[in-house]
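Protein chains in written order, with my numbering: chain A, 1 to 296; chain B, 1 to 294.
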């Protein structure tokens, strides 16, 4: 007699042994699963705690003790932040600069990645090596010269000033290059014979062939630009030109020491990226593993 | 191939790389070279300075605050890199066992902090650790005996910022580890289980050696990332004394933007650049070793 386990046929005695072990495993497995849930709840608790604080009136926020749900539910903190700070402007600044960074980075990386992968031209190898070498330069080390440059361009305190230094994302070029490398060069030659040019090939065939890669890279570039702190913090000096990530930390007088209001600002600042992640979970995962050089 | 088609290919290539190249030259190559040049001058942040040869570099070696910044940055790396990798692997192993929608939800719980801007993380944790009203002061009081103004107490500052950084960035490591775990063929586990291996043996004999390349990758990424630490350390130090907890990028910021010493700030930046470049070579070696294993 024998029992089928997967594709290997085992004699009954072995199967019984395996069966008993599996049951023992299930017990340990259950404990592990429960431990995982508890750990996940602890991990996510600070997020929950910040959220629930924003829904309490300020007097309840400072009461001693732990109240996991507001006694008095109110949206006052949000109303205050929306009406009394420049958060609308900060949102606009973040949205415009992040969208611009995303579009420019994706466009320039796709075209450059395509050229390096599919075309033969003098300096191709040098360009590729320079891009690879640029991973060695910490962008934080360039804050001084970026500031001088933006000052010379007269772009400090403008959208352009926030956008320009954030356009250096060489990893996107590398990911595109690797993506285009998977397409045989014969394909291009045949298309060229048929009278297509490289621009049609790139924008009408190669990119539409797999919008997933572009979507993934665009989402992660946008999230990165939205979350950027150091450069947007340096590049502006007035409340009107701040990005939301800078605004919510810099304008204390607008909030006083009132935590519900301050956290309401934080929740509003984090909401777009949190939603983007929850909606495009798969794509975000794909983009992160691709950029790190792991096949997901 | 015809010479004309080759010329056409070159022409399209140059048009296609032009936008990237322009941005790259103006906003990356030029600022990098300019930084090196500036590090040999005594220029203010905006304006011309005199060439002072190696004076800034000599000063760097005797600068106590620079030593503090290097020390603190190193301390922060020690506090975060290994725990962040270990916890990332642990969580990945836990999440990888789950299936379907439970997996998605649990993964989201661990990953969500990573997607948030640093300012949000800062505001959340400042509230949680608030001396008077912070919820974390209850456990601190329980175990330590009294409430602690965490971000005004120097021995607590970097460890706590490290802990928050691990909480914030761990999701990235988890994702990479899960991707790595999925690349391990389940048949190996089946075979080992049939041979009577227990959970502990399965981990140390199969998972650990096979996941090692990802571990090395995550560790080097984290190492380089944490050397460039600025945002959290700066934000939590607002309103307090920043010197004792100063890190390298923060020192660049202080010299350039608060002290108006553009030249000296560029010298510190160059030192950081050299440090990171050296470690990137190490990272490249690790990655290449990985490639060779495939």
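For every residue, glycine included, the Cβ atom is placed at its ideal position computed from N, Cα and C.
(request) Starting from residue 136 of chain A, trace the alpha helix (DSSP H) both ways and give me its first and last residue. (result) For residue 136 of chain A, there is no enclosing alpha helix (DSSP H), as DSSP marks it with neither H nor E.
(message) Comparing C-alpha positions only, which one of A/32, A/84, A/77 and A/44 sits nearest to residue 53 of chain A?
(response) A/77
(message) When you compare the CB positions of residue 157 of chain A and residue 236 of chain A, do they come within less than 9 Å of one another, or not?
(response) yes
(request) Can you give me the Cβ contacts of residue 270 of chain A inside the same chain, cut-off strictly under 7 Å, excluding the 5 residues immediately before and after it? (result) In its chain, beyond the 5 residues on either side, no residue has a beta carbon closer than 7 Å to the beta carbon of residue 270 of chain A.
(request) Could you tell me which chain A residues have their CB closer than 8 Å to the CB of residue 118 of chain B, listed as they occur along the chain? (result) 227, 229 and 245
(message) Which residue wins for smallest C-alpha separation from residue 106 of chain A, given the options A/36, A/174 and A/278?
(response) A/174
(request) Report the neighbours of residue 216 of chain B on chain A: residues whose CB is nearer than 8 Å to its CB, in chain order. (result) The contacting residues do not exist; residue 216 of chain B stays about 12 Å from chain A at best.
(message) Beta-carbon within less than 8 Å of residue 193 of chain A's beta-carbon, same chain only, minus the 5 sequence neighbours each way: which residues are those?
(response) In its chain, beyond the 5 residues on either side, no residue has a beta carbon closer than 8 Å to the beta carbon of residue 193 of chain A.
(request) Compare the C-beta of residue 35 of chain B with all C-beta atoms of chain A and state if any pair is closer than 9 Å. (result) Chain A contact via Cβ: present.
(request) Alpha carbon to alpha carbon, how far is residue 112 of chain A from residue 83 of chain B? Give it in angstroms, no decimals. (result) 38 Å
(message) I'd like to know whether the C-beta of residue 4 of chain B is nearer than 9 Å to at least one C-beta of chain A.
(response) Using beta-carbon distances, residue 4 of chain B does not count as an interface residue toward chain A, since no partner is under 9 Å.
(request) Taking all protein chains shown into account, decide if residue 37 of chain B is buried (16 or more other Cβ within 10 angstroms of its Cβ) or exposed. (result) exposed
(message) One question on the structure: do residue 179 of chain A and residue 213 of chain A come within less than 9 Å of each other, judged by their Cβ atoms?
(response) yes
(request) Can you grab the Cα-Cα spacing for the pair residue 300 of chain A / residue 284 of chain A, in whole Å? (result) A question about residue 300 of chain A goes unanswered here, because the residues of chain A that appear run from 1 up to 296.
(request) For residue 113 of chain B, go through chain A and note every residue whose CB falls closer than 9 Å to its CB, in chain order. (result) 43, 44, 46 and 47
(request) State the CB to CB distance for the pair residue 117 of chain A and residue 177 of chain A, rounded to an integer number of angstroms; the pair is presumed to be in contact (CB under 8 Å). (result) 5 Å
(message) I need the DSSP call for residue 72 of chain A, collapsed to helix, strand or coil.
(response) coil
(request) Closer than 8 Å by C-beta to residue 181 of chain B: which residues in its own chain qualify, once you throw out the five before and the five after it? Chain order, please. (result) 92, 93, 96, 207 and 211
(request) Specify the secondary structure class of residue 245 of chain A as computed by DSSP and reduced to three states. (result) Reduced to three states, the DSSP call for residue 245 of chain A is helix.
(request) Note down, in chain order, all residues in the region 95 to 116 of chain A with a beta-carbon under 8 Å from any beta-carbon belonging to chain B. (result) 104, 107, 108, 109, 111, 112, 114, 115 and 116
(request) Would you kindly work out how many angstroms separate the C-alpha atoms of residue 30 of chain A and residue 98 of chain B, rounded to a whole number? (result) 11 Å
(message) Per DSSP, what are the beta-bridge partners of residue 41 of chain B in this structure?
(response) B/51
(request) Could you tell me which chain B residues have their CB closer than 9 Å to the CB of residue 147 of chain A, listed as they occur along the chain? (result) 45, 46, 256, 257 and 262
(request) Please say whether residue 286 of chain B and residue 216 of chain B have beta carbons closer to each other than 9 Å? (result) A contact, by the Cβ cut-off of 9 Å.
(request) Determine the DSSP secondary structure at residue 145 of chain B, reduced to helix, strand or coil. (result) Residue 145 of chain B: coil per DSSP, three-state reduction.
(request) Assign residue 226 of chain B to buried or exposed, taking buried as 16 or more other Cβ atoms, counted over all protein chains shown, within 10 Å of its Cβ. (result) buried
(request) For my contact list, residue 124 of chain B and residue 46 of chain A are in at a C-beta cut-off of 8 Å; report their separation, rounded to the angstrom. (result) 6 Å
(request) Tell me whether the beta-carbon of residue 223 of chain B lies closer than 9 Å to the beta-carbon of residue 81 of chain B. (result) yes
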